[in-house]
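My numbering puts the first residue of the sequence shown at 129, with every later residue one more than the last.
Every residue gets a Cβ at the ideal spot worked out from N, C-alpha and C, and that includes glycine.
As the structure is a computational prediction, the values presented were derived from the model and not from experiment.
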Amino acid sequence: MKIAIVGTGYVGLVTGTCFAEVGLEVHCIDVNKEKIDNLNSGKIPIYEPGLEEMVLKNAQTGRLLFHSDLTSCLNEVEVVFIAVGTPPGEDGSADLHYVLDVARTVGANMQKYLLIVTKSTVPVGTAAKVRQAVQDELGKRNVHLEFDVASNPEFLKEGAAVRDFMYPERVVLGVESEKAENILRRLYRPFLLNNFPVIFMDVPSAEMTKYAANAMLATRISFMNDLANLCEIVGADINMVRRGMGTDSRIGSKFLYAGCGYGGSCFPKDVKALIKTARDNGYSMRLIEAVEEVNEHQKGILFRKLSARFKGDLKGKTIALWGLSFKPETDDMREAPALILIEQLVAAGVTIRAFDPVAMEEAQKHLAVPVTYCKDKYEAAIDADALMLVTEWADFRMPSWAVVKKALKYPLVIDGRNLYDKNELADNGLEYIGIGRK
Ligand SMILES: NC(=O)c1ccc[n+]([C@@H]2O[C@H](COP(=O)([O-])OP(=O)(O)OC[C@H]3O[C@@H](n4cnc5c(N)ncnc54)[C@H](O)[C@@H]3O)[C@@H](O)[C@H]2O)c1
129 MKIAIVGTGY VGLVTGTCFA EVGLEVHCID VNKEKIDNLN SGKIPIYEPG LEEMVLKNAQ
189 TGRLLFHSDL TSCLNEVEVV FIAVGTPPGE DGSADLHYVL DVARTVGANM QKYLLIVTKS
249 TVPVGTAAKV RQAVQDELGK RNVHLEFDVA SNPEFLKEGA AVRDFMYPER VVLGVESEKA
309 ENILRRLYRP FLLNNFPVIF MDVPSAEMTK YAANAMLATR ISFMNDLANL CEIVGADINM
369 VRRGMGTDSR IGSKFLYAGC GYGGSCFPKD VKALIKTARD NGYSMRLIEA VEEVNEHQKG
429 ILFRKLSARF KGDLKGKTIA LWGLSFKPET DDMREAPALI LIEQLVAAGV TIRAFDPVAM
489 EEAQKHLAVP VTYCKDKYEA AIDADALMLV TEWADFRMPS WAVVKKALKY PLVIDGRNLY
549 DKNELADNGL EYIGIGRK
């Protein structure tokens, strides 16, 4: 089976590579020619564990092709996946212009039946817009061709994207016709054979499922952050509370970590888009609006804690930052809490020494302010007035506190991920500030 995946970003590249891995012939298409050239010369544009080997292997077999010309393969393929970005527009709604551009290109050039599948995260009603855009182009050409539109939202997690795609907890497929369902059953046969849950439903429900899942996860994070702030006030410890509540099987222990707010390319924009979808339909999602409000406040927590500790006098201080990416195992800096923190620190007159295992190159593209990028975590701590943990990379889990203490000018550690043990730090002469800790 031959397919095209339009958009070769985190989702498109992982999807295309994994489909090639299970035996399909995949055209990965992107308008970014530099990205395509790099991929064709074996350079992978993102950091994702396991991806590089899989791309190189499948490209070598000829099953995984990278190019920029969607029109050239429309006659060959049975399915076109749309996996382009859907960034937030000014009003918070998902900007669909990349998705609809692809739909128009398909409509303007298709010569035979195609199944068009939205894999990008798109609001309810988008499949209908895609259908209309394709139909309009066919109308302009005065051509009548049969086609279907389906929805296949992606649930992969950056940092574990290949594993999530190859061993999915579920595959959600929204279809409008039996023909589309049969094609998708064939496409996902390797996954069906392995008994992964493949759930067919109507298209609007599939589109909504993706937002529901992300909004639920964001809700858990904001809930824990809100609770952590109260714990601090009343003298409880959020880590203890988390363990106590997470063992309840109705609640579960995942996604219950207090920290410095959620970021990344998905949660912030998807929460915004869900709020906007509700408003556009005359409804207000009060719970999700509060989730967003709590998160906005939480993104400033590390700065507020530092500022309070130094009584507002931050000018001339040097701060070491461990971690820049929005979460470990990725170089993605989109909406990373570190970006806001760095801007606040620089505005307050702070000098920043940062280290991240993979995201420093990417961070430089997002930051206009001066940051000293260091070769390792200990170098970042040299002569700093405080060390702040921002991203919980494995490399930061068990540092030598003796080395940290020696490097720091002032023995203060602010733990934005509640990783460390206050007593262990105290034994090493370090003062500890966490989030919601006793
Ligand atoms: N990143 C994630 O973890 C994740 C997870 C699940 C779902 N999603 C959703 O998947 C979608 C893609 O996300 P991403 O992180 O892969 O985005 P991305 O920005 O990494 O990649 C999008 C790619 O699409 C390309 N593109 C834009 N217009 C194009 C066109 N007309 N033709 C060909 N290529 C075009 C861009 O050049 C870019 O390379 C979004 O809707 C996102 O919400 C992302």
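Listed in chain order, the non-local C-beta contacts of A512 below 7 Å within the same chain comprise T446, I447, A448, R481, L536, K537, local neighbours out to five positions each way being set aside.
By the Cβ neighbour-count rule, P177 is exposed, with fewer than 16 other Cβ atoms within 10 Å of its own.
With respect to the C-alpha of V234, the residue from F324, E309, P325, V134 having the closest C-alpha is V134.
Environment of ligand 1, chain-ordered: V134, G135, T136, G137, Y138, V139, G140, I157, D158, V159, N160, K163, A211, V212, G213, T214, Y226, D229, V230, S248, T249, E282, L284, E286, S393, C394, taking every residue with Cβ within less than 6 Å of a heavy atom. Within the same chain, Cβ atoms closer than 6 Å to the Cβ of H155 are found at A132, L193, C201, the five residues on either side in sequence being excluded. The Cβ neighbour count for E490, taken over all protein chains shown within 10 Å, is at least 16; the residue is labelled buried. Counting only residues of its own chain and dropping the five nearest sequence neighbours on each side, E180 has a CB closer than 7 Å to the CB of I172. With respect to the 8 Å criterion, I174 and D459 are classified as neighbours on the basis of their beta carbons. Residue state for M516 is assigned as strand, using DSSP reduced to three classes.
Under the DSSP definition of a beta bridge, T246 partners with I210, S279. Rounded to whole angstroms, V212 and T249 show a C-alpha spacing of 9 Å. In the three-state reduction of the DSSP assignment, G557 falls in the coil class. With 16 or more other Cβ atoms inside 10 Å of its own Cβ, I157 counts as buried. Leaving aside the five residues that flank V532 on each side, the residues in its chain whose CB is nearer than 6 Å to its CB run, in chain order, A509. Secondary-structure assignment with DSSP links L152 through no beta bridge to anything. Taking C-beta separations shorter than 6 Å and ignoring five residues to either side along the sequence, the partners of T199 in its chain run N237, following chain order. Rounded to whole angstroms, the Cβ separation of V139 and K247 is 6 Å, and the two are in contact under 8 Å. Assigned with DSSP and collapsed to three states, K130 falls in strand. The Cβ neighbour count for M368, taken over all protein chains shown within 10 Å, is under 16; the residue is labelled exposed. By the criterion of a C-beta distance shorter than 8 Å, D330 is surrounded in its chain by G302, V303, E304, once the five residues flanking it on both sides are discounted. The region 344 to 351 and the region 388 to 400 touch, with three or more beta-carbon pairs separated by less than 8 Å.
Apart from sequence neighbours up to five positions away, the residues of its chain that approach R370 with a beta-carbon distance below 6 Å are L384, ordered along the chain. Closest in C-alpha terms to K130, from the list V207, K285, V183, comes V207. One thing to note: L228 has its Cβ within 8 Å of the Cβ of K257.
Restricting attention to alpha helix (DSSP H) runs no shorter than 4 residues, the region 313 to 352 encloses them at 317 to 321, ordered along the chain. Here DSSP, grouped into helix, strand and coil, assigns D504 to coil. Boundaries of the beta strand (DSSP E) harbouring A482: 479 to 483, taken from the DSSP string. The region 330 to 339 and the region 291 to 301 touch, with no fewer than 3 CB-CB distances between them shorter than 8 Å. Within the same chain, and ignoring the five residues on either side of K505 in sequence, the residues whose Cβ sits closer than 7 Å to its Cβ are W450, F483, D523, F524, P527. For L540, the enclosing beta strand (DSSP E) begins and ends at 540 to 543.
Per DSSP, F524 is not a residue of any beta strand (DSSP E), being assigned neither H nor E. Under the criterion of beta carbons closer than 8 Å, L243 and D276 qualify as touching, at roughly 5 Å.
DSSP places I379 outside any beta strand (DSSP E), giving it a letter other than H or E. Looking at the backbone, the Cα of L266 and that of I210 are separated by about 18 Å. Linking F454 to N357 through their CA atoms gives a straight-line distance of about 21 Å.
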